[in-house]
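Participant: In full-length UniProt numbering, the protein residues as written are 1 to 256.
Just so you know, even glycine gets a beta-carbon here, dropped at the ideal spot from N, CA and C.
Please read all numbers here as calculations on a predicted model, not as lab measurements.
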Amino acid sequence: MKLQHYLGGLENLDPVNFETKVFVEPWEERIFGIHTAMMALSNHLDAALPAYEIDQVPTEFKSFWTWGHLRQGAEGMHPFEYFRLRYYEKWLGGISSFFVAEGYITQAELEARTAAFLADSEKADAPLPSSGDAAIDAQVVKYLTEGDSPLRPDSVTPRFQVGDRVRVKNVVSGDHTRLPGHIRGRVAEVVKVYEGAFTYFFPTTDGLGTPMPVYSLAFKPADIWEEALIDPNSVYYNDIFEVYLEAIESGEDHAE
1 MKLQHYLGGL ENLDPVNFET KVFVEPWEER IFGIHTAMMA LSNHLDAALP
51 AYEIDQVPTE FKSFWTWGHL RQGAEGMHPF EYFRLRYYEK WLGGISSFFV
101 AEGYITQAEL EARTAAFLAD SEKADAPLPS SGDAAIDAQV VKYLTEGDSP
151 LRPDSVTPRF QVGDRVRVKN VVSGDHTRLP GHIRGRVAEV VKVYEGAFTY
201 FFPTTDGLGT PMPVYSLAFK PADIWEEALI DPNSVYYNDI FEVYLEAIES
251 GEDHAE
């Protein structure tokens, strides 16, 4: 288990970056744009909500790419590298590795292009070329406007109801997880059952895959953090997939 799976709720992760700009460097805008275009042209959109006729878009990008894949790439990094790199540098590393793995470019070609850009700053600052195809541009704009959703209209019966006490499972994560590390093994109260069934962009080895209910849980901060770090009158909320929860048996309502 890599440390970056457990960032939420950890203390002493100083220094804290209070940068308010979305993009600090011009190249960061490009990385965001590349990632967005990849999502807009991803082959999973033929079965996404809303409906897209992605097979009619004349793109050479034929792979499956989502926010989940981007996060998986970051979580798969060595922790030292993860904390050393800037936010969009992590994106760049994940995207670059993906293109190599998918066969769009070889590692040698990537290194050669990188060296060329580093040696010529004018190349690095040059405007990005247009796709040259109105259908591709229209698809990217449509995706930016409408997006895609893991929500599914499947009919499922929630296992838990508002007021139930549940424990968050302490499951072993793989390359990617949607379960925060600091609430594993903790007890909470169900305060909301969201309507509909939700799935993730792709199956994870710790249980996500088929559509399922999602719950809003209320935790007592004292059950998670040291007393000196909390406001005794506060409540901590987290939205969790059903697969990560288990029922509390009578007489065992305590955190591990």
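Per DSSP, what are the beta-bridge partners of residue 100 in this structure?
Facilitator: In the DSSP output, where bridge partners are listed per residue, residue 100 has none listed.
Participant: Could you tell me the alpha carbon to alpha carbon distance between residue 104 and residue 36, rounded to whole angstroms?
Facilitator: Between residue 104 and residue 36, the C-alpha separation is close to 17 Å.
Participant: Quick check: the stretch 208 to 217 against the stretch 227 to 240, are there 3 or more CB pairs under 8 Å?
Facilitator: In short, these stretches touch, since the Cβ pair count reaches three.
Participant: Run the CB neighbour count on residue 113, radius 10 Å, all protein chains shown included, and call it buried at 16 or more, exposed below.
Facilitator: Residue 113 comes out exposed.
Participant: Just list the residues that DSSP pairs residue 38 with in beta bridges.
Facilitator: Residue 38 pairs with nothing; no bridge assigned.
Participant: Nearest by alpha-carbon distance to residue 17: which of 58, 179, 86 and 74 is it?
Facilitator: The candidate whose alpha carbon is nearest that of residue 17 is 86.
Participant: Less than 9 Å separating the beta-carbons of residue 106 and residue 152?
Facilitator: No, these two residues do not count as a Cβ contact at 9 Å.
Participant: Three or more beta-carbon pairs under 8 Å between the stretch 139 to 150 and the stretch 158 to 174, yes or no?
Facilitator: These segments do not touch.
Participant: So, using beta-carbon positions, are residue 241 and residue 68 closer together than 9 Å?
Facilitator: Contact flag unset, no.
Participant: How about residue 206 and residue 243: do their beta carbons lie closer than 9 Å?
Facilitator: Closer than 9 Å, so yes.
Participant: Exposed or buried, which one is residue 118 when buried takes at least 16 other CB atoms within 10 Å?
Facilitator: Its Cβ having fewer than 16 others within 10 Å, residue 118 is exposed.
Participant: Does the Cβ of residue 75 have 16 or more other Cβ atoms within 10 Å, making it buried, or fewer, making it exposed?
Facilitator: Burial call: buried.
Participant: Look at the alpha carbon of residue 102 and the alpha carbon of residue 28, and state the distance between them as a whole number of angstroms.
Facilitator: Going by the C-alpha atoms only, they are around 23 Å apart.
Participant: For residue 224, which residues of its own chain have a beta-carbon under 7 Å away from its beta-carbon, when the five flanking residues on both sides are left out?
Facilitator: Closer than 7 Å at the Cβ level, and outside the excluded window around residue 224, lie 9, 182, 183, 186 and 236.
Participant: In angstroms with no decimal places, state the Cα-to-Cα distance between residue 65 and residue 80.
Facilitator: Approximately 25 Å between the Cα atoms of the pair.
Participant: First and last residue of the beta strand (DSSP E) that includes residue 241?
Facilitator: Looking at the DSSP string, the run of the beta strand (DSSP E) that includes residue 241 is 236 to 241.
Participant: List in chain order: all unbroken beta strand (DSSP E) runs of 3+ residues lying wholly within the stretch 156 to 214.
Facilitator: The stretch 156 to 214 contains these whole beta strand (DSSP E) runs: 165 to 168 and 187 to 193.
Participant: Closest by CA to residue 57, which one among 161, 159, 160 and 133?
Facilitator: Nearest option by C-alpha distance: 133.
Participant: How close, in whole Å, do the beta carbons of residue 144 and residue 178 come, if the pair is a contact with beta carbons under 8 Å?
Facilitator: The Cβ separation is near 24 Å, so there is no contact.
Participant: How close, in whole Å, do the beta carbons of residue 161 and residue 191 come, if the pair is a contact with beta carbons under 8 Å?
Facilitator: Contact doesn't hold; Cβ gap of about 11 Å is too wide.
Participant: Between residue 149 and residue 49, what straight-line distance do the alpha-carbon atoms span, to the nearest angstrom?
Facilitator: Near 6 Å, if we compare the C-alpha coordinates of residue 49 and residue 149.
Participant: Smallest Cα separation from residue 210: which of 168, 108, 232 and 154?
Facilitator: Answer by Cα proximity: 154.
Participant: Would you call the CB atoms of residue 42 and residue 61 closer than 9 Å?
Facilitator: Closer than 9 Å, so yes.
Participant: Quick check: the Cα distance between residue 19 and residue 39, rounded to an integer number of angstroms?
Facilitator: Whole-angstrom Cα-Cα distance: 26 Å.
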